[in-house]
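Worksheet: the structure to be examined is printed underneath.
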Amino acid sequence: MSSLGQHRESASVWDSLSDELVVRVILQGLELEDVLHLSRVCRRFNVLVSFSEQIWRYLTQSKFDVSLKTRDQSWNKFFRVEFERQRYRWRQKRLVRVLDVRSELAATQSVLDSNRSLLKRELARKEALETDIAEIKRTRKAQGATTLWEPVAVRRFHQDIVEQSSVTSESREMQVRSELRLSLLQIKKHINAIRDGKQSVKTLRQKLQRLKP
Numbered sequence: 001m002s003s004l005g006q007h008r009e010s011a012s013v014w015d016s017l018s019d020e021l022v023v024r025v026i027l028q029g030l031e032l033e034d035v036l037h038l039s040r041v042c043r044r045f046n047v048l049v050s051f052s053e054q055i056w057r058y059l060t061q062s063k064f065d066v067s068l069k070t071r072d073q074s075w076n077k078f079f080r081v082e083f084e085r086q087r088y089r090w091r092q093k094r095l096v097r098v099l100d101v102r103s104e105l106a107a108t109q110s111v112l113d114s115n116r117s118l119l120k121r122e123l124a125r126k127e128a129l130e131t132d133i134a135e136i137k138r139t140r141k142a143q144g145a146t147t148l149w150e151p152v153a154v155r156r157f158h159q160d161i162v163e164q165s166s167v168t169s170e171s172r173e174m175q176v177r178s179e180l181r182l183s184l185l186q187i188k189k190h191i192n193a194i195r196d197g198k199q200s201v202k203t204l205r206q207k208l209q210r211l212k213p
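Heads up: the sequence shown begins at 1 in the UniProt record's numbering, then just goes up one per residue.
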């Protein structure tokens, strides 16, 4: 886990401590880098450090190994300027990352929504094709049954027509079944794309959450 991630996990612990105890912990040997990291993820720590002269005197001495008199604020001021500069730089970098992730998330969500619409449309097309196949079968069966009750001469005449119609209906059925197979492939494709899209959206939202201070 990254150092920032570790400090983020410990932010709630710092929130539970009193101001006096936090200052005491810092004065026991907390490094400037740790103070910088913690100020990014813990607002209470940030406010406390910003207004504690005692902490800044300690950090200045430990960082530069110099002895400071209580009235000497030059190193203290320099340290604060450097701290604020680093913090501003980090905030700007984080803002850029947040904007990048938000843009990627919006694009991924748009693709996901598009695949959902395409899947809905393809499911409706599949249902229509299945209805067409059922209707073709029903019509062909009805035409065959009609000739059984007709006079021989009429039956022969109609039988020729039915046979011709049967060829046409079988050809149509084969065409519709071919379209149905293609539709099923498209449905599978959209389902897989939606599954992957959901996972990508989840990952990006988690990434965005981790970037929050």
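For each residue, glycine too, the CB sits at the ideal point set by N, CA and C.
For N115, the number of other beta carbons within 10 angstroms of its own is at least 16, and it is reported as buried. Here the alpha carbon of D113 sits roughly 47 Å from the alpha carbon of V81. Cα atoms of K202 and I194: separation of roughly 12 Å, rounded to the nearest angstrom.
In this structure S169 is in contact with R140, their Cβ atoms being roughly 5 Å apart against a cut-off of 8 Å.
The C-beta separation of L211 from R94 comes to about 6 Å, placing the pair in contact by the 8 Å criterion. When Cβ pairs closer than 8 Å are counted between the two stretches, the stretch 95-106 is seen not to touch the stretch 171-190, the count staying below three. In terms of CA proximity to Q175, D132 leads the group R85, D196, G197 and D132.
Secondary structure at K212: coil, using DSSP grouped into helix, strand and coil. Taking C-alpha positions only, R138 is separated from K188 by approximately 29 Å. A straight-line Cα-Cα distance of about 8 Å links S200 and L105. Excluding its 5 nearest sequence neighbours in each direction, E173 has C-beta neighbours in its own chain below 8 Å: I133, I136 and K137, listed in chain order. With 16 or more other Cβ atoms from the protein chains shown falling within 10 Å of its own Cβ, E122 counts as buried.
In this structure, the beta-carbon distance from L119 to H190 falls below 7 Å.
In this structure, L204 lies near V101, with their beta-carbon atoms less than 7 Å apart.
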